[in-house]
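Student: Going by the numbering used here, the letters in the sequence shown line up with residues -16 to 111, in that order.
Pasting a structure below so you can have a look.
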Amino acid sequence: MRTVFSLWCLLGLFNTVYAQQDSSGVYLTIADFQQQKLAYAINCKTQKHKIVQTSFSDQKFVKVIHNDSVITLLKSEVFGYQDCKGVPHRFIDKVNYVILNPSEYILIYKHEIRAHKQSELHYMFSRE
């Protein structure tokens, strides 16, 4: 019972951290991600922009529509991005992965593969 309570407390803290985020933008490097430095950043409460990517894994680019201009970035040259919900994402081999533990040394990623009506979750990790 104590373990279950501890787990619920951790999950609540995790959700609170994400709920406090109100900015969106692109992490150009791993150093930017570690320092929480967003390029093309906005305040989601007062501004709007789009980070557009296709669901095709072979797509090499991500487009950022920022201040009425379109910026095209190579996924291979960008670490990732943060959406307006505060969820960080990372590009690895042109694929978008959700970072589950952004404040940890070893990052854990989630990737959902959708095929027709079913989906399959994949998890992976890295030290960068």
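Note that the Cβ used here is the ideal one computed from N, Cα and C, for glycine as well.
#1: Below 8 Å between beta carbons: does that hold for residue 35 and residue 48?
#2: Could you tell me how far apart the beta carbons of residue 46 and residue 77 are, in whole angstroms, since I believe they sit closer than 8 Å?
#3: If I follow the unbroken beta strand (DSSP E) through residue 65, where does it start and stop?
#4: Could you check what DSSP says for residue 89 in three-state terms: helix, strand or coil?
#5: Can you tell me which of 109, 63, 83, 89 puts its alpha carbon nearest to the alpha carbon of residue 21?
#6: By the three-class DSSP mapping on this structure, what secondary structure does residue 30 have?
#7: In the DSSP output, what is residue 81 paired with across the bridge?
#8: Are there 16 or more other CB atoms within 10 angstroms of the CB of residue 57, so buried, or fewer, so exposed?
#9: Does the Cβ-Cβ distance between residue 95 and residue 86 come in under 8 Å?
#10: Which residues mark the beginning and the end of the alpha helix (DSSP H) in which residue 15 is found?
Tutor: In short:
#1: yes
#2: Going by Cβ atoms, the distance from residue 46 to residue 77 rounds to 14 Å, so no, they are not a contact pair.
#3: 63 to 65
#4: coil
#5: 63
#6: coil
#7: 72, 93
#8: exposed
#9: no
#10: 13 to 17
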